[in-house]
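Numbering (full-length UniProt numbering), first residue to last: 1 to 725.
Ideal Cβ placement from N, Cα and C applies to all residues, glycine included.
Here's the structure we're looking at; comments come further down.
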């Protein structure tokens, strides 16, 4: 030792040696340049030497547990004692904090029978606000047994914590609850760890000194004891100051300077572990953080922190994590079907279609759905299935979380409109949903407000062109003419029929009862028969008008129908030829899209990534297509035919006509006064009425006498049969 000290004093350079000393030896050593490294059962750090001491570096379990409970907000806890254990320090910390509420303290010491343990564990049910259970003095076999009993008793889901320090390398995973927390060291460091840490200590100190004063740090040391010179300073003394102030995370522990002395100590690694599922679905111990100098330090990205907190994390077990997931119906990723008679889904995932994005409404619906006696309207329940639903179920199984699934209220992907986000993005930003799983495109605007996972399915934008159906629909005959042309034809037909009737009845040569003893009458139905026969070019039995004006109007209608029929025939040929072709588009820059012709329509899904792309890149094209955009892709491809709409309108008009007929028959006709002059009747009606009157008079005046009728224009005249004889 004296030789080493003499050599160090002459060379003025820190000199590392390995030796074993007692705890109090370092107080007698005054050589500041002597770097001592040793590894006894208890090791201390002399000036620039590393001395790990279990008593000085071991983390107090009571303070560590206290910090864990505070960081996660587990203020209501219960305690389980598997054997006699000193927890006075822990109880002192808990009782001195008014926010903590200590529930039941269950002492299981000496209890081996399962029935006795179950009676003791029943005390954990009260109070119901208990969040965590801290266990002291319990080995893994006892923890496994307690967890099995708690599962059999259906106790509430607690956060289970092993209070005493554990050797995680010796812990097992079988039969333990997911989310179980433990803390402890991985094992005692080896000699190689201390040697590497000592070399790293010197390297860090030399590097820091060279940055501050390269000349002083790199002065050559004395190599000849006879040539030693007395200088004001040396590189060894300069380096000694940096050695005393260097701290880092080494392999043997955290190397740092003791606050009360010129001592560097190696604080052993004390980690915090949680039992979680690995990517293969197997339980494994996952490191969450470490204990260092009275603080819990989380590993970077080890766990999601509480909102608004910069340190700490949430160690709630994955199995307890419950998420609300929003989706959007998009084939083939998400399909929906109706629930069965019991309101359940034999296949697929039960989801809700609440038609709203209010968080309070959604929370109330899912709470009612989860209760035993709760009920949700059947029309809000759906069965969701598809690729994304299968992916979500697999994620929940592997990651160990549960979820409630619902369909987005407005049926949109999400766009920034009127100063707020809509659709899926709006639900995520408002907190109505924690996760969105569907066919959801990633763009720059959405990436600025929400986070996306790695894409699980890659697609690109495409243009769909509607192809003609192989079988023509029932309304194909109307394609050659515009709907306004068809409407004009049939309106003109009925107007022409009305005027034909008016002209015929007001003409002295018309087919009317007053018109030169005509045998037939030209009515409005006769006029319609004439007009329809001319329009469709069919030879049918008709009653043409007799007056000159009516015949002139009928010929004009025939000329009009000839032009219409010629136009229809010519357009029909063009339509049939064009039916076999479809629009050829070269891409998004096709002139047909940027300069659309009349009748050419194209659109996309509203508030989708495709619409956002077109809006930013081609504003003029977006302004044209905006009027044709549809809410969903299915509505854009399979558009309803106008024939159904026309059929519905026709049914409604027929009902209104029936109602009008009854109103006229029951209310209008009885109130019409009979004119003084005779009204027009059909000849058959006149004869029938006159014969009835004569028969009635003949019966009343000449009962028992025989009469025979004689025909006349004005009706039959009855004469006595005896006069004829």
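Please list the terminal residues of the continuous beta strand (DSSP E) segment that includes residue i.
i, result
"residue 286", "283-292"
"residue 159", "159-162"
"residue 151", "Careful: residue 151 lies outside any beta strand (DSSP E), inside the alpha helix (DSSP H) at 140-152."
"residue 423", "Run containing residue 423: none in the beta strand (DSSP E); it sits in the alpha helix (DSSP H), 423-430."
"residue 384", "381-385"
"residue 182", "181-184"
"residue 325", "322-327"
"residue 81", "76-81"
"residue 726", "Look at the range of the chain in this structure, 1 to 725, and you will see that residue 726 is not part of it."
"residue 207", "Not the beta strand (DSSP E): residue 207 falls in the alpha helix (DSSP H), residues 191-212."
"residue 295", "295-298"
"residue 337", "335-337"
"residue 136", "132-136"
"residue 351", "349-352"
Indicate whether residue i and residue j have their beta-carbon atoms separated by less than 8 Å.
i, j, result
"residue 326", "residue 436", "yes"
"residue 121", "residue 143", "no"
"residue 78", "residue 104", "yes"
"residue 274", "residue 179", "yes"
"residue 270", "residue 163", "no"
"residue 387", "residue 455", "no"
"residue 382", "residue 336", "yes"
"residue 89", "residue 114", "no"
"residue 481", "residue 568", "yes"
"residue 132", "residue 92", "no"
"residue 553", "residue 490", "no"
"residue 287", "residue 254", "no"
"residue 279", "residue 398", "yes"
"residue 182", "residue 202", "no"
"residue 770", "residue 175", "Absent from the structure is residue 770, since the part of the chain shown begins at 1 and ends at 725."
"residue 323", "residue 193", "no"
"residue 125", "residue 171", "no"
If I measure Cβ to Cβ from residue i and keep anything under 7 Å in the same chain, skipping five residues before and after, which residues do I get?
i, result
"residue 416", "445"
"residue 422", "410, 412, 414, 415, 607"
"residue 621", "593, 594, 614"
"residue 558", "534"
"residue 343", "378, 381"
"residue 726", "This structure cannot speak to residue 726, because the chain is shown only from 1 to 725."
Using a Cβ-Cβ cutoff of less than 6 Å, which residues in the same chain neighbour residue i once the five nearest sequence positions on both sides are dropped?
i, result
"residue 392", "437"
"residue 639", "Summary for residue 639: the model assigns pLDDT 40, below 50, so the residue's position carries little reliability, and this model does not support an answer."
"residue 296", "67, 289"
"residue 670", "none"
"residue 619", "none"
"residue 366", "404"
The alpha helix (DSSP H) that contains residue i, what's its start and end?
i, result
"residue 527", "524-536"
"residue 483", "483-505"
"residue 70", "61-72"
"residue 271", "That residue, residue 271, is in no alpha helix (DSSP H); its beta strand (DSSP E) goes 271-277."
"residue 625", "619-625"
"residue 404", "From DSSP, residue 404 is part of no alpha helix (DSSP H) but of the beta strand (DSSP E) over 402-407."
"residue 447", "444-447"
Going along the chain, which residues of its own chain have a beta-carbon closer than 8 Å to the beta-carbon of residue i, five neighbours each way excluded?
i, result
"residue 95", "102"
"residue 153", "118, 121, 122"
"residue 537", "561, 565"
"residue 139", "82"
"residue 497", "524, 527, 528, 530, 531"
"residue 503", "510, 545, 547, 549, 550, 553"
"residue 574", "480"
| said: At 4 residues or longer, what runs of the alpha helix (DSSP H) sit wholly inside the segment 83-114? | reply: 88-95
| said: Three Cβ pairs or more, each shorter than 8 Å: is that satisfied between the segment 340-359 and the segment 403-410? | reply: yes
| Is the segment 422-431 close to the segment 357-374, with three or more CB pairs under 8 Å? | yes
| task | Kindly confirm or deny that the segment 246-255 and the segment 192-210 touch, where touching means at least three C-beta pairs closer than 8 Å. | result | yes
| request: Determine, using beta-carbon pairs with one atom in the segment 363-382 and one in the segment 473-480, whether at least three such pairs fall under 8 Å. | output: no
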